[in-house]
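Colleague:
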Amino acid sequence: MRIVLNVLCVAIFVLSFDCITCEKRYCNEGLGVCTPFAQCSNLTKFNDGSDHLSVRFNIELETDACHYMELCCDPEDVIEEPFLGNEGRTQHVGESINDRDNRGSSSSDKSNLISTPETLSRLQECNSETHECIPFFYCNTDTTTDGAETLTTRNNFAGCDHESDVCCNKNENIARMVPTICGLRNKDGIGFSVTNSIDEAQYAEFPWMASLTGKLFDGTNNKDWTNYFCGGSLIHPSVVLTGAHCVYNLTASEIKVTLGEWDTKSTKEIFDTSVHQVKRIIPHEDFVPTNLYNDVALLILKTPAKLSVHINTICLPPPNNKIAQVNCFASGWGSDYYGEDAYRTNLKKVEVPPVPLRDCQEALRATKLGPRFKIHPSFMCAGGELGVDTCTGDGGSPLVCPVPGKSEVYYQAGVVAWGIECGKENVPGVYANVAKFRTWIDNKMNQLGYGTSSYTLE
């Protein structure tokens, strides 16, 4: 994607919780031990900012510290054998809660539990009408550094067969949560947060983000579905908005859309991705491939996406909406630098301010475009800060801005179109102006029988 920031990326590893007897890894300057969440009996220690839990299990990741499914625990508080035997102990990330009941010991089989007074007491506290045993990263209860009662509740794996499980209020199970409006950004991520990277998006931060891969020639005369070539945004469970230049001269059968993606090289994310074939491409009738005027297209999916906490639609602005002067976000998997072929593995984001069209035109005239360049009214601009830009491979990706008065709700202002190289100082990036195409999108959606409610904020 067009992020030109040269920052140190955070390596995240998903490990099995079977590894209780493995070599210990120390944290907090050697005072703590990296421990699976449910094997630490006291969550209030080491919350000093160096190795800590934040609202979203925001564990600070260091090369010698804990991965995102562990916390830094006082050795005195480590539970060496949580309440289960040797079977059914591994929590497979991404599986459904029902799938876990078919592996290992069942939820009704307590024969492997250690019958201590504390265990018997805690067994009576969960699996009620209001609570259930789920992996800790599915439980949305906030954690604090001084709320001992809250932390204890979150760590209550009473009667749960798997060491990664907690007793969670059913209303706080994010796997059960279905978004009720478009444009909900998960600012702090879902299940865990990345804290050491400036330009890396949180997991599920932009749930409308779509990855377009193509059955394209890879240079060896073989066609490979893994060729990522553009981004897009979900505006309806069956419709993705992207750039017309992304799908120009392609057929629907040559494109696949992946939703819920974050790390393109991993299959161990918290929730499964959703892969869809495309049955129809609807480019704007007035798209001009030579200069990218009217650079929007709709992709109609063969099967609708199931909306969830990590897959949701983005809101669209009303026709001819004027963008407030607030910072917006562009996201994608494109390259960091102009001329760089390699795309990024994890979803990246850049924070960029909108630039008035007249100012953008003046800035672009100072480039190789020359003093007579006129920007087309179908475009909008954003950015201009040195090293902060979208880039090759980010085409079709969304530029989203906060809805006034609703800080965590966003609408799509632009579609990544083109730029003069990437990240040049005082040179904004150019986007298709979504507000200019709202009427066109509405007409197409109504013709398809989908309506407009999926991307309209009441």
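With mature numbering (1 follows the signal peptide of the UniProt record, and there is no 0) applied, the sequence shown corresponds to residues -22 to -1, 1 to 436, in that order. Glycine residues also receive a C-beta, built at the ideal position from the N, C-alpha and C atoms. Computed from a predicted model, the values in this text were never measured in an experiment.
Are the beta-carbon atoms belonging to A283 and H262 less than 8 Å from one another?
Modeller: Sequence index remark: in the sequence shown, residue 283 carries index 305 (1-based). Sequence index remark: in the sequence shown, residue 262 carries index 284 (1-based). It is not a contact, given that the beta carbons lie outside the stated cut-off.
Colleague: Per DSSP, which residues does A360 bridge with? Please list them.
Modeller: Translated into positions along the sequence shown, residue 360 becomes position 382. Partner(s): P332, G407.
Colleague: If I'm right that Y409 touches A360 with Cβ under 8 Å, what's the distance once you round it to whole angstroms?
Modeller: Taking the first residue of the sequence shown as 1, we reach residue 409 at position 431. Taking the first residue of the sequence shown as 1, we reach residue 360 at position 382. 6 Å between Cβ atoms; contact.
Colleague: So what does R258 bridge to, in DSSP terms?
Modeller: As a first step, residue 258 is located in the sequence shown; it is residue number 280 there, counting from the start. Bridge partners of R258: I278.
Colleague: So, under 8 Å CB-CB, L279 and V218 are touching, yes? Tell me the CB distance rounded to an integer number of Å.
Modeller: Along the sequence shown, read from residue 1 onward, the residue named residue 279 stands at position 301. Along the sequence shown, read from residue 1 onward, the residue named residue 218 stands at position 240. Their Cβ separation, rounded to whole angstroms, is 7 Å, which keeps L279 and V218 in contact under 8 Å.
Colleague: V156 by DSSP, collapsed to three states: which one?
Modeller: By one-based count along the sequence shown, residue 156 stands at place 178. Coil.
Colleague: Quick one: Cα of R411 to Cα of L9, how far?
Modeller: Numbered from 1 along the sequence shown, position 433 holds the residue referred to as residue 411. Numbered from 1 along the sequence shown, position 31 holds the residue referred to as residue 9. With the sequence shown as reference, residue 411 is identified as Asn, and Arg is not the correct amino acid for it. Taking the straight line from one Cα to the other gives about 53 Å.
Colleague: Tell me whether the beta-carbon of A222 lies closer than 8 Å to the beta-carbon of D166.
Modeller: Numbered from its first residue, the sequence shown carries residue 222 at position 244. Numbered from its first residue, the sequence shown carries residue 166 at position 188. No.
Colleague: Quick one: using the 10 Å Cβ neighbour count with 16 as the cut-off for buried, is G383 buried or exposed?
Modeller: One-based indexing of the sequence shown puts residue 383 at position 405. By the neighbour-count rule (16 or more Cβ atoms within 10 Å), G383 is not buried but exposed.
Colleague: By DSSP, does E232 sit in helix, in strand, or in coil?
Modeller: Counting from 1 along the sequence shown, the entry for residue 232 is found at position 254. Here E232 sits in helix by DSSP.
Colleague: Under the rule that 16 or more other beta-carbon atoms within 10 Å means buried, what is E54, buried or exposed?
Modeller: Position 76 of the sequence shown, counted from the first residue, corresponds to residue 54. Under this definition E54 is an exposed residue.
Colleague: Going by DSSP, what residue range makes up the beta strand (DSSP E) through S224?
Modeller: The sequence position of residue 224 within the sequence shown is 246, counting from 1. Per the sequence shown, residue 224 should be read as Cys rather than Ser. No beta strand (DSSP E) holds C224; the alpha helix (DSSP H) holding it covers 222 to 225.
Colleague: How do the segment 326 to 336 and the segment 297 to 309 stand: do at least 3 beta-carbon pairs fall below 8 Å, yes or no?
Modeller: At 8 Å Cβ cutoff, the stretches touch.
Colleague: Measuring CB to CB, does P406 end up less than 8 Å from G373?
Modeller: Along the sequence shown, read from residue 1 onward, the residue named residue 406 stands at position 428. Along the sequence shown, read from residue 1 onward, the residue named residue 373 stands at position 395. It is not a contact, given that the beta carbons lie outside the stated cut-off.
Colleague: With a threshold of 16 other CB atoms inside 10 Å of the CB of D264, please say whether the residue is buried or exposed.
Modeller: Position 286 of the sequence shown, counting from 1, holds the residue named residue 264. Classification for D264: exposed.
Colleague: Using only the alpha-carbon positions, how far apart do W418 and G427 sit?
Modeller: For this step, residue 418 is matched to residue 440 along the sequence shown. For this step, residue 427 is matched to residue 449 along the sequence shown. So the alpha carbons of these two residues sit roughly 14 Å apart.
Colleague: Since T291 contacts H214 with CB under 8 Å, what's their CB separation in whole angstroms?
Modeller: Here residue 291 refers to the residue found at position 313 when the sequence shown is read from its first residue. Here residue 214 refers to the residue found at position 236 when the sequence shown is read from its first residue. With a Cβ gap of about 6 Å, T291 and H214 count as contacting.
Colleague: According to the neighbour-count rule (16 or more other Cβ atoms, all chains shown, within 10 Å of its Cβ), is G210 buried or exposed?
Modeller: Here residue 210 is taken as the residue at index 232 of the sequence shown, counted from 1. The residue in question, G210, is buried, as its Cβ has 16 or more Cβ neighbours within 10 Å.
Colleague: In chain order, what residues of the same chain lie with their CB nearer than 6 Å to the CB of E329, ignoring the 5 residues before and after it?
Modeller: Residue 329 sits at position 351 when you count from the first residue of the sequence shown. If we look at E329 and ignore the five residues flanking it on each side, its Cβ neighbours are N305, F307.
Colleague: Can you grab the Cα-Cα spacing for the pair I159 / Y389, in whole Å?
Modeller: In the sequence shown, residue 159 corresponds to position 181, counting from 1. In the sequence shown, residue 389 corresponds to position 411, counting from 1. Using only the alpha carbons, I get a separation of about 11 Å.
Colleague: Name, in chain order, the residues that DSSP records as bridge partners for H288.
Modeller: Residue 288 sits at position 310 when you count from the first residue of the sequence shown. H288 is not bridged to any residue.
Colleague: Are the Cβ atoms of A230 and K257 separated by less than 8 Å?
Modeller: Indexing the sequence shown from 1 puts residue 230 at position 252. Indexing the sequence shown from 1 puts residue 257 at position 279. Yes, Cβ-Cβ distance for A230 and K257 is below 8 Å.
Colleague: Which of the three DSSP states is assigned to S28 in this structure?
Modeller: Locating residue 28 in the sequence shown gives position 50, where the first residue counts as 1. Since pLDDT at S28 reaches only 33, below the 50 mark, its modelled position is unreliable, and the value read off the structure follows with that caveat. DSSP places S28 in coil when its eight states are reduced to three.
Colleague: With respect to the alpha helix (DSSP H) encompassing Q390, which residues constitute its N-terminal and C-terminal limits?
Modeller: Here residue 390 refers to the residue found at position 412 when the sequence shown is read from its first residue. Segment 384 to 396 is the beta strand (DSSP E) holding Q390; no alpha helix (DSSP H) there.
Colleague: Are the segment 185 to 192 and the segment 230 to 240 touching, with three or more C-beta to C-beta distances below 8 Å?
Modeller: With a cut-off of 8 Å, the segment 230 to 240 and the segment 185 to 192 count as touching, because enough Cβ pairs lie within range.
Colleague: Check each candidate in E107, Q425, I168, L342 and name the one with the smallest Cα separation from E247.
Modeller: Start at 1 with the first residue of the sequence shown, and residue 247 comes out as number 269. When only C-alpha atoms are compared, the closest one is I168.
Colleague: Between the C-alpha atoms of G310 and Y4, what's the straight-line distance to the nearest angstrom?
Modeller: Taking the first residue of the sequence shown as position 1, residue 310 is located at position 332. Taking the first residue of the sequence shown as position 1, residue 4 is located at position 26. Those two C-alpha atoms are separated by around 35 Å.
Colleague: Would you mind giving the Cβ-Cβ distance between P297 and R163, rounded to the nearest angstrom? I have them listed as a contact below 8 Å.
Modeller: Counted from its first residue, the sequence shown places residue 297 at position 319. Counted from its first residue, the sequence shown places residue 163 at position 185. Not quite, the Cβ-Cβ distance comes to about 23 Å (not below 8 Å), so this is no contact.
Colleague: Going straight from the alpha carbon of V144 to that of L49, what length do you get?
Modeller: Position 166 of the sequence shown holds residue 144. Position 71 of the sequence shown holds residue 49. Distance between the alpha carbons of V144 and L49 is about 15 Å.
Colleague: Please report the straight-line C-alpha distance between residue 453 and V287, rounded to a whole angstrom.
Modeller: Since the displayed the chain opens at -22 and closes at 436, residue 453 lies outside it and no answer follows.
Colleague: Tell me which residues share the same chain as L342 and place their Cβ nearer than 6 Å to its Cβ, disregarding the 5 neighbours each side in the sequence.
Modeller: Counted from its first residue, the sequence shown places residue 342 at position 364. Hits under 6 Å: F351.
Colleague: With 16 as the cutoff for other CB atoms within 10 Å, does G429 come out buried or exposed?
Modeller: Position 451 of the sequence shown, counted from the start, is the residue given in the question as residue 429. With fewer than 16 Cβ atoms within 10 Å of its Cβ, G429 is classed as exposed.
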